[in-house]
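Peer 1: In the UniProt record's numbering, the protein residues as written are 1 to 262.
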Amino acid sequence: MNERKASQPETDRLWEQWKEQGDPEAKKKLIESYLHIVDYVSSRLAVGLPKNVSKDDLASNGIMGLIDAMEKFDYKRGLQFQTYASWRVRGAILDSLRQSDWVPRSVREKAKKIEDAYQQLEQKYLRSVSDEEMSKYLNISEPEFQNMLQDVAVMSLCSLEDPIREEESETRMSILVDDKAKNPDRKVNEFYLRDMLTKGIEKLTVKERTVVSLLYYEDLSLSEIAEVMSLSPSRISQLHSKAILRLRGTLEKNRDLLMQND
């Protein structure tokens, strides 16, 4: 993509020209200035996706998310547009992937099977369960369980927002700048969800927490995390899959509580 980053004073001027005066040329220049966000987000999401998923398609949907973010953003509030836009872009790309149903049904079924197993066993033992315990519960060997994790890894790369987004709460929604203030019920919903997510992360193993932290908070790629932790990329992928499926199980278990606060 061809892009040119504008200086802050120029960016402020362009926002004013577009929002206040309706200058289409200013809007075009803003889009060009922020295209690097689309390129960055689409490149990160492309890692681990099947080869049949085109990065150009990801970027095209990301641009739609960028434009939507620009339409809804209130530049007068002095907030960082880059942070807001990156989540809108990511959301637009993930939405397009879900709508295209790029994940085979067999993979979804495996992911749900593992998720349910984690939920049942961790509720029973009140602790993180081992791969051996998971394998016995699923009535498969440990190598077969590792292969299952590898199979669902490509799905879990885009799954952290799934249960959260479905309940219209934390993660993306909490970062977005809404035109309307959130009502008290919404805030209670987010408080409970944040608390559940925090407790879920605390139950992860040290390695799983490290992967989640480096991927979602430090913004490293899976290959970079593998290098930092001196593990193979496939092992990092498995750790990530386990972490995500455990977190999904935690949120699923408390879905009724969240829905009561809607």
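Backbone N, C-alpha and C fix where the C-beta goes; we use that ideal spot for every residue, glycine too.
Model, not experiment: these values are computed from the prediction.
Take K76 as the anchor and find which of D195, S230 and Q17 has the nearest alpha-carbon.
Peer 2: When only C-alpha atoms are compared, the closest one is Q17.
Peer 1: How about the segment 143-152 and the segment 95-110: do they share at least three Cβ pairs that are nearer than 8 Å?
Peer 2: Segments in contact, yes.
Peer 1: Would you call E142 buried or exposed, if buried means 16 or more other Cβ atoms sit within 10 Å of its Cβ?
Peer 2: With fewer than 16 Cβ atoms within 10 Å of its Cβ, E142 is classed as exposed.
Peer 1: Label K242 either buried or exposed according to how many other C-beta atoms from any shown protein chain fall within 10 Å of its C-beta, with 16 as the threshold for buried.
Peer 2: Burial call: buried.
Peer 1: Taking the alpha helix (DSSP H) that R105 belongs to, which residues open and close that run?
Peer 2: From DSSP, the alpha helix (DSSP H) with R105 extends over R105 to Y125.
Peer 1: How long is the line joining the alpha carbons of T205 and H240, rounded to whole angstroms?
Peer 2: Their backbone Cα atoms lie some 11 Å apart in a straight line.
Peer 1: Select from A59, R44, T11 and S42 the residue whose C-alpha is nearest the C-alpha of L30.
Peer 2: Considering only alpha carbons, the answer is T11.
Peer 1: Are the beta-carbon atoms belonging to L214 and V228 less than 8 Å from one another?
Peer 2: A contact, by the Cβ cut-off of 8 Å.
Peer 1: How many Å lie between I93 and L35 at the Cα?
Peer 2: So the alpha carbons of these two residues sit roughly 14 Å apart.
Peer 1: Cβ of V212 within 8 Å of Cβ of I236?
Peer 2: No; because the gap between Cβ atoms is not below 8 Å, this pair is not in contact.
Peer 1: Just mark S43 as buried or exposed, buried being the case when its beta carbon has 16 or more other beta carbons within 10 Å.
Peer 2: Under this definition S43 is an exposed residue.
Peer 1: Going straight from the alpha carbon of V41 to that of L251, what length do you get?
Peer 2: The straight-line gap from Cα to Cα measures roughly 25 Å.
Peer 1: Can you tell me whether DSSP reads L197 as helix, strand or coil?
Peer 2: It is helical.
Peer 1: Pick helix, strand or coil for D56, following the three-state DSSP scheme.
Peer 2: In the structure shown, D56 sits in a helix (DSSP, three-state: H, G or I).
Peer 1: Any idea what DSSP makes of K203, helix, strand or coil?
Peer 2: Coil, per DSSP.
Peer 1: If we count the other Cβ atoms within 10 Å of its Cβ and call it buried at 16 or more, is P163 buried or exposed?
Peer 2: With a pLDDT of 37 at P163, under the threshold of 50, the modelled position of that residue is not reliable, and no figure is offered here.
Peer 1: For S86, which of D219, Q238, S234 and A226 has the nearest alpha-carbon?
Peer 2: Closest by alpha carbon: D219.
Peer 1: Excluding sequence positions up to five away, which residues of its chain have a Cβ less than 6 Å from the Cβ of A26?
Peer 2: L14, Q17 and W18.
Peer 1: For F73, which of I225, L138 and R88 has the nearest alpha-carbon?
Peer 2: For the residues I225, L138 and R88, the minimum Cα distance to F73 belongs to R88.
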